[in-house]
Every structure is written in C-alpha cells, then in structure tokens.
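Q: Would you mind keeping the following structure in view while I ask a few things?
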Amino acid sequence: MPQGQPSVVPDDGLTTRQRRNRPLVVVHTGVGKGKSTAAFGLALRAWNQGWPIGVFQFVKSAKWKVGEERALRVLGDSGEGGTVAWHKMGEGWSWVQRDAQMDNEEKAREGWEQVKRDLANETYRLYVLDEFAYPMHWGWVDTDEVVRVLRDRPGTQHVVITGRNAPEKLVDFADLVTDMSKVKHPMDVGQKGQRGIEW
Numbered sequence: 001m002p003q004g005q006p007s008v009v010p011d012d013g014l015t016t017r018q019r020r021n022r023p024l025v026v027v028h029t030g031v032g033k034g035k036s037t038a039a040f041g042l043a044l045r046a047w048n049q050g051w052p053i054g055v056f057q058f059v060k061s062a063k064w065k066v067g068e069e070r071a072l073r074v075l076g077d078s079g080e081g082g083t084v085a086w087h088k089m090g091e092g093w094s095w096v097q098r099d100a101q102m103d104n105e106e107k108a109r110e111g112w113e114q115v116k117r118d119l120a121n122e123t124y125r126l127y128v129l130d131e132f133a134y135p136m137h138w139g140w141v142d143t144d145e146v147v148r149v150l151r152d153r154p155g156t157q158h159v160v161i162t163g164r165n166a167p168e169k170l171v172d173f174a175d176l177v178t179d180m181s182k183v184k185h186p187m188d189v190g191q192k193g194q195r196g197i198e199w
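The numbers in UniProt numbering rise by one with no breaks, and the one at position 2 of the sequence shown is 2.
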C-alpha cells in the first residue's frame, strides 16, 4: 500500500487508522469521458474487498446494456468477493432532447428515496450513484437534502456520484472531487460511440 505523507494532519482527535478508514463521498464530474468508468473501477476494488455494492443508475435507459453491469453482476454472483445489486432508475435520455421528462423526474425521485432507505439501513458499503449529478442539476432532487443525508449517513458507507454539472454545494461537501476535462474525443470529428469503448 502506498505510504504517502499527507500535506496536513488535522487536529481532529482521530487516530491515523480512524482517519484513513472514514467513509468518503466521491464526485466524478466535468465534460470529459470516464466519470462512470472511474466509479465502476472503484466498485471493482470494493468487490475485491468483499464489500456489498449498490449501483443506482439514474437517467440512463433501463434497456441499455452496459458492459460494467454484466461484469459486476457476474463478479457479484461468483461468491468470491462482495455482492452487487444493480438498480436502473431511468427510462432513457438523450443529449439532444429529454423526452418523457416528467416520468424521468419521478423515477429519479423514487431512486433517491430508495438510496435514502438503503443508507439508513446500511445496506451497502459502496454506493455508485451513476449520473446522479443530473437530477440535482435539473432540480429534480434537492441538493441540500442530498448533502444533509450524506453528511448524516451511519456507519462506513462510501458514496460515489457521477455526472456533469455537479452542484457546487455537493462539490464543496465531497471528500474527493475529480473534474474530467476533455482534450479530444472521436465524436468531435463525427465518430459515434463504439462497442468496448463506450459500452
């Protein structure tokens, strides 16, 4: 394990072990590719540690079959690491238009209510709230409530939130924030997403 030295050691009364093992809120945001991919990479690490994992996909279509889902479901069923539960909240969404917006809003709110119940019950050790920044950005889910619930969550539950336009209040609250910036992308020159790269 890397033995880097922190630049600051807070005077919080915690031991080094307590500070190292405190639960984190992680945010992957920005316009670049890789936000969800990074979150699923964390899920692989959590699976290896034997942690129960809850994936909540907001906005993306329930019909969309992503490679990460299949891989994590197989791993979760293998009996070798942690369990994996996968929840799909969206009916579909497009960068061009948001058809059936009201239905998506309702499903996003229902999804957040389920996350709240699971946090209260300490159902998972790692939560991947994929594309959850969008419902907050669009005002479908109240950011102040999200911050309050995450701040007050019991136990040692880690939460990873992905999506563009993560609200400033969430970014300020989170323990780890990565802003994915785009330098180049094949779509810039008209190439559509491809198997094995985008899904």
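Cβ coordinates follow ideal geometry from the N, Cα and C atoms, glycine included.
From a predicted model like this one, the values you see are computed outputs, not experimental measurements.
Since V26 and V171 are thought to touch, with beta carbons under 8 Å apart, how far apart are those beta carbons, to the nearest angstrom?
A: Actually they do not touch by this definition, with Cβ atoms about 11 Å apart.
Q: Can you say whether W199 is buried or exposed, counting buried as having 16 or more other CB atoms within 10 angstroms of its CB?
A: Per the 10 Å Cβ criterion, exposed.
Q: Give me the Cα-Cα distance between R148 and K169, rounded to the nearest whole angstrom.
A: C-alpha separation (whole angstroms): 11 Å.
Q: Quick one: residues in its chain with C-beta nearer than 8 Å to the C-beta of L122, no 5 flanking neighbours on either side, listed in chain order?
A: For the sequence presented, residue 122 should be read as Glu rather than Leu. The answer, listed in chain order, is P154, G155, Q157.
Q: Out of curiosity, what's the CA-to-CA distance linking G163 and D130?
A: One C-alpha to the other measures close to 7 Å.
Q: Can you list, in chain order, the residues of its chain with a C-beta nearer than 6 Å to that of Y127? Leave out the 5 residues immediately preceding and following it.
A: Here the set comprises G54, V159.
Q: From Q49 to G81, what distance separates their C-alpha atoms?
A: Approximately 7 Å between the Cα atoms of the pair.
Q: Look at the alpha carbon of V189 and the alpha carbon of D11, and state the distance between them as a whole number of angstroms.
A: Computed Cα separation, rounded: 51 Å.
Q: What is the DSSP secondary structure of V59, reduced to helix, strand or coil?
A: Of the three classes helix, strand and coil, the one that applies to V59 here is strand, per DSSP.
Q: Does D130 come out as helix, strand or coil in the three-state DSSP assignment?
A: Here D130 sits in strand by DSSP.
Q: Helix, strand or coil: how does DSSP classify D179 here?
A: Strand.
Q: Over what stretch of residues does the beta strand (DSSP E) that includes V27 continue unbroken?
A: Residues 25-29.
Q: Between V147 and chain D, is the shortest Cβ-Cβ distance under 8 Å, so that the two count as touching?
A: Given the protein chain composition of this structure (a single chain), no chain D is represented.
Q: Near L72, which residues of its chain fall below 8 Å by C-beta distance, leaving aside the five closest residues on each side in sequence?
A: Answer for L72: F40, A43, L44, W47, I53, V55, V84, W86, listed in chain order.
Q: Thinking just about the alpha-carbon of each residue, which of P186, W112, R195 is nearest to the one in V59?
A: Closest by alpha carbon: W112.
Q: Quick one, are the C-beta atoms of K107 and M89 less than 8 Å apart?
A: In contact: K107 and M89 (Cβ atoms closer than 8 Å).
Q: Within this structure, are the beta carbons of V37 and A133 separated by less than 8 Å?
A: Inspection of the sequence shows that residue 37 is occupied by Thr rather than by Val. No, the Cβ-Cβ distance between T37 and A133 is not below 8 Å.
Q: Ends of the beta strand (DSSP E) at V160?
A: Element bounds for V160: 158-162.
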